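**Student:** To start, I am sharing the structure in question, which I have written as structure tokens.
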Amino acid sequence: MRVEGEMTIYRAAELKPGLLDTVREHAAPALDLSAVTEFDSAGLQLLLVARQEAARLGKRLAVSAASSAVRDVCALLGVDLEEAAA
Amino acid sequence: MNIDQVMHTFIAESRELLEQMENALLAVAHDGADAVNAIFRAAHTIKGSAGMFGLDPVVEFTHVAESVLDKVRDGHVPVTDALVALLLACCDHIGALVDAVENGTLEHDVSLHEAGAPLVAALQGYLDGDGAPAASATAAGAVTPAPLAGGMQEWDIQLRFGADVLRNGMDPLSFIRYLAQLGSIVRIETLDERLPGADEFDPESCYLGFRIGFASFEPQATIDGVFDFVRDDCEIQIAPVDVTPATAAPAAVASAVQPAPVEVPAVQAAAPTAEAPARVKQQQQEKRTVRVDADKLDRLIDLVGELIIAGASTSVVARRAQIPELLECTSTLSSLVEEVRDSALQLRMVKIGATFNRFQRVVHDVARELGKDIRLEVNGEDAELDKTVVEKIGDPLTHLVRNAMDHGIEAAEVRLARGKPAQGTVSLNAYHDSGSIVIEVADDGGGLKRERILAKGIERGLVEPGRVLSDKEIFNLIFEPGFSTAEQVTNLSGRGVGMDVVKRNIVALRGSVEIASREGAGTTVTVRLPLTLAIINGFQVGVGKSVFVIPMDMVEECIEFHEQPGCDWVDLRGQPLPYVRLRERFGIDGLPSRRRSIVVVRYGSRRAGLVVDHLLGEFQTVIKPLGKVFAGARFLSGSSILGNGDVALILDMAALFTSFSDLESHRV
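Chain order of the listed sequences is A and B. For the first sequence, position 16 matches number 1081 in this note's numbering, and the numbering has no gaps at all. For the second sequence, position 192 matches number 203 in this note's numbering, and the numbering has no gaps at all.
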């Protein structure tokens, strides 16, 4: 799944179902975050929840690509983008 | 908490910081490094908070100022008069930017931007043009762990943001970014164990927490201050990290380098622990103050006023009903109400020091403008008075101080010729005196020219030729409307608003103003103001069916009145005491009662007697302003409602005493 534009509090509610569907329906879910222009705590939470859900289902959510907005936040907060969900 | 409120806090705090910055700038000459640090911190904090709100114009401007200050702090740029003046102008400009933020015009105000440009250019001059200064400002990648240098303290910060933080428009990320500017984040862990299952997960709630290892030179209060905006819905724990092997290592190296005794590391290790309780104490003290909206306080005072009136009427009813239990209850109640009143009024009391300190800037600026060397001396900053009075006294005081500097203090050559030091002194002094606060504005300048003022007064028709006037009366002519706005005749001639406006403003606060001067030695203007404008302890007296209230603090004693025909003074233990019959003064009909009394009142240094029919005793009095209909009524400063619903009139002592001195001068 590819997320475009903001991944922030303003769109968090809108993005949640799509993300969870992706995690639930695909055997090897993958996220392309290269077109994310803004990324805040709400966006990060979404990512963490999706990962957690994947782990619950015995899958691993891969982040295939990420924009600099996403990378900066993860670097600042010490979140490993490639980290296994478990 | 919503964003408007937060913005409001930002604006209020920025103004406070600017004030601190200004005071520090003015004190930089003698406080040296401490003042520079204070200035730097204030600029830095404003920049940081502005950054959190994305107020880029504020950040950009403050950043340049901060860079210069940083150089000053390092000793690369010396503190000169020119630099202080420039930084004061920058202070003003930041103030203007903050005003623009408040009015919501920050983004579009081109003129403001233009006003800032020359300042930025002047500041850049101090920066020697080395390096790109902006790069250091937004060090986003501050994750790079820096080695702990000497004096740095490592902190363990645990943050748990409340569920509503995101909804309130705040992003935990911005706090961490801001934190990264104050020091370096050594390690960080995002705590996500509170994240619920996917179905319960509300994408707009915040579930995150962070554990941060943070190294910084800043004190705990500053670090703690980062989270001010989220304190209400956030759990914050900040603890100093004990000397861990990581921090102990440099100490060990240090002791290895210099062959120091063995105690050294132990002493170093003990130092942080000794400081820790002090920090905790400081933090506790900070949390003990609460910011309250002034309107809420005013509302409280209003309600207390109503409570006092209601309490008084209850007491009246109880006394009439003659039920002992009820009387006991009402007396307990009224003493409680009295305490509530005092504490409520105390809430509005502020120290006059903050107002006085503003004048350091006024004196600095005006002295530069006039090309005179003048210093301000401030005494009695701790004297407290009602906030409403403080707000209204600023303008008249500014006028008096400017006058003293402009017309009072002579040019340096003249001063030297008169054997005075070249540097002129203007002093502000405040103290409490019988229920009033007295503020003196004094200068050691040329003083008032008595003869010229008198001549001018005669010319203006204010004084009949041939009348003999005391010095005080002559000097008081300056307060007459139209007097000071005349051409350069007196050495107190006008600058648009005259001394009459000063006097009117002070009288409107139920105060009075007097002037004393010695030619060649200086002038002292004494302003006397009531401590509060809302509620007073009043002494009630009756004349016929009317009730008057005298402010209790001015009442000295009551004595029996014996009429002596043709004599308008009585002998008070060997001292003549002038008196006035309230019955005559207010034109009250009817015969005076057989046993009359004199209430001896004191105002400033003078005493006088008021002849009344009955003494009714001490009551709490809520001052209500008189309606416009009574605007022309002299000798009255307000009204009050009594327990039985009647109206009592509050006597204006300042006006009554003025009428006494009129009488005295007529007698001469």
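Even for Gly, the Cβ is constructed at its ideal location relative to N, Cα and C. This structure is a prediction, so every number in the text was calculated from the model and none was measured.
(1) Where does R645 (chain B) fall in DSSP's three states?
(2) From this set, B:A44, B:L358 and B:D213, which residue's C-alpha is nearest I1167 (chain A)'s C-alpha?
(3) What span of residues does the beta strand (DSSP E) with Y590 (chain B) cover, start to end?
(4) Quick one: which chain A residues come within Cβ less than 7 Å of D182 (chain B)?
(5) Evaluate T1102 (chain A) with the Cβ neighbour count: other Cβ atoms within 10 Å of its Cβ, from every protein chain shown; 16 or more gives buried, anything less gives exposed.
(6) For G43 (chain B), count the other beta carbons within 10 Å of its own beta carbon; 16 or more makes it buried, fewer makes it exposed. Which is it?
(7) For chain A, is any of its Cβ atoms less than 9 Å away from the one on Y189 (chain B)?
(8) Between B:M163, B:S185 and B:E77, which lies nearest to Q135 (chain B) when the distance is taken from Cα to Cα?
(9) Whether or not the segment 601-614 of chain B and the segment 560-580 of chain B are in contact is what I'm after, with contact meaning three or more pairs of Cβ atoms, one per stretch, closer than 8 Å; do they touch?
(10) Buried or exposed: which applies to R478 (chain B), given that a residue is buried once 16 or more other Cβ atoms fall within 10 Å of its Cβ?
(11) Which full runs of the alpha helix (DSSP H) of 4+ residues lie inside the segment 24-95 of chain B, going along the chain?
(12) Measure from the C-beta of P214 (chain B) to each C-beta in chain A and report whether the shortest distance is under 9 Å.
(13) Would you check if there are 3 or more beta carbon pairs closer than 8 Å linking the segment 46-58 of chain B to the segment 79-94 of chain B?
(14) Entirely within the segment 1102-1137 of chain A and at least 4 residues each: give me those alpha helix (DSSP H) ranges in chain order.
(15) Is it right to say R359 (chain B) is buried, meaning 16 or more other beta carbons lie within 10 angstroms of its own, or is it exposed?
(16) For Y218 (chain B), which residues from the same chain have a beta carbon less than 6 Å from its beta carbon, with the 5 sequence-adjacent residues on both sides left out?
(17) Among B:S447, B:K635, B:H443 and B:R310, which residue has its Cα nearest to the Cα of D393 (chain B)?
(18) With C-beta atoms as the reference, is V449 (chain B) less than 9 Å away from R539 (chain B)?
(19) Could you say if the segment 554-564 of chain B and the segment 582-596 of chain B meet the contact criterion of at least three C-beta pairs nearer than 8 Å?
(20) Taking the alpha carbon of V176 (chain B) as the reference point, which residue from A:S1106, A:A1078 and A:V1088 has its own alpha carbon closest?
(21) Which complete alpha helix (DSSP H) runs does the segment 162-225 of chain B hold, if anything under 4 residues is left out?
(22) Can you tell me where the alpha helix (DSSP H) with E317 (chain B) in it begins and where it stops?
(23) Quick one, which of A:V1114, A:A1077, A:P1082 and A:M1072 has its alpha-carbon nearest D1097 (chain A)'s?
(24) Measuring alpha carbon to alpha carbon, tell me which of B:L66, B:L94 and B:P476 ends up nearest G115 (chain B).
(25) What are the start and end residues of the beta strand (DSSP E) that includes E1069 (chain A)?
(26) Are the C-beta atoms of K1081 (chain A) and some chain B residue less than 9 Å apart?
(27) Against chain B, with Cβ distances strictly below 9 Å, would G1070 (chain A) count as a contact?
(28) What residue from B:D110, B:H375 and B:R178 has the CA that sits closest to A93 (chain B)'s CA?
(29) Contact defined as beta carbons within less than 8 Å: I believe G194 (chain B) pairs with E229 (chain B). What is the distance between those atoms, to the nearest angstrom?
(30) Would you kindly check if the distance between the Cβ of L117 (chain B) and the Cβ of L123 (chain B) is under 9 Å?
(31) According to DSSP, is R539 (chain B) helix, strand or coil?
(32) Apart from the five residues just before and just after T325 (chain B), which ones in its own chain have a Cβ nearer than 6 Å to its Cβ?
(33) If contact is defined by three or more beta carbon pairs under 8 Å, each pair taking one atom from either stretch, is the segment 478-491 of chain B in contact with the segment 402-413 of chain B?
(34) For E336 (chain B) and L356 (chain B), I'd like the C-alpha separation in whole angstroms.
(35) Kindly indicate the opening and closing residues of the alpha helix (DSSP H) around C340 (chain B).
(36) What residue range does the beta strand (DSSP E) around E568 (chain B) cover?
**Tutor:** To lay it out plainly:
(1) In the structure shown, R645 (chain B) sits in coil (DSSP, three-state: anything other than H, G, I, E or B).
(2) For residue 1167 (chain A) there is no data in the structure shown, the boundaries of chain A being 1066 and 1151.
(3) Looking at the DSSP string, the run of the beta strand (DSSP E) that includes Y590 (chain B) is Q586 to R592.
(4) Close to D182 (chain B), with beta-carbon spacing below 7 Å, are these residues of chain A in chain order: D1105 and S1106.
(5) Answer is exposed; the Cβ neighbour count stays below 16.
(6) With fewer than 16 Cβ atoms within 10 Å of its Cβ, G43 (chain B) is classed as exposed.
(7) It does not; no Cβ of chain A falls within 9 Å.
(8) Shortest Cα-Cα distance from Q135 (chain B) to any of B:M163, B:S185 and B:E77 involves B:E77.
(9) Contact between the segment 560-580 of chain B and the segment 601-614 of chain B is present: three or more C-beta pairs spanning the two stretches fall below 8 Å.
(10) Result: exposed.
(11) Runs of the alpha helix (DSSP H) inside the segment 24-95 of chain B: 44-63 and 67-85.
(12) For P214 (chain B), the answer is yes, since a Cβ of chain A falls inside 9 Å of its Cβ.
(13) Segments in contact, yes.
(14) For the segment 1102-1137 of chain A, whole alpha helix (DSSP H) runs of length 4 or above, ordered along the chain, are 1106-1121.
(15) Under this definition R359 (chain B) is a buried residue.
(16) So the qualifying residues of the chain are R205 and L206.
(17) Closest option to D393 (chain B), Cα to Cα, is B:H443.
(18) Yes; because the gap between Cβ atoms is below 9 Å, this pair is in contact.
(19) The segment 554-564 of chain B is in contact with the segment 582-596 of chain B.
(20) When each option's Cα is compared against that of V176 (chain B), the closest is A:S1106.
(21) Those alpha helix (DSSP H) runs which fall completely within the segment 162-225 of chain B and span 4+ residues are 183-193.
(22) Counting along the chain, the alpha helix (DSSP H) containing E317 (chain B) begins and ends at A305 to A332.
(23) The shortest Cα separation from D1097 (chain A) among A:V1114, A:A1077, A:P1082 and A:M1072 belongs to A:M1072.
(24) Looking at the Cα atoms, B:L66 is the closest of the given residues.
(25) Start and end: R1067 to M1072.
(26) Interface residue, yes.
(27) For G1070 (chain A), the closest Cβ of chain B is not nearer than 9 Å.
(28) A93 (chain B) has its Cα closest to that of B:H375, out of B:D110, B:H375 and B:R178.
(29) About 6 Å; that satisfies the 8 Å criterion.
(30) Taking 9 Å as the Cβ cut-off, L123 (chain B) and L117 (chain B) qualify as a contacting pair.
(31) The three-state secondary structure of R539 (chain B), taken from DSSP, is strand.
(32) Within the same chain, T325 (chain B) has close Cβ partners T341.
(33) The answer is no - the segment 478-491 of chain B does not touch the segment 402-413 of chain B, with fewer than three Cβ pairs under 8 Å.
(34) Linking E336 (chain B) to L356 (chain B) through their CA atoms gives a straight-line distance of about 30 Å.
(35) Start and end: P335 to L358.
(36) V566 to E571 is the span of the beta strand (DSSP E), which, as asked, contains E568 (chain B).
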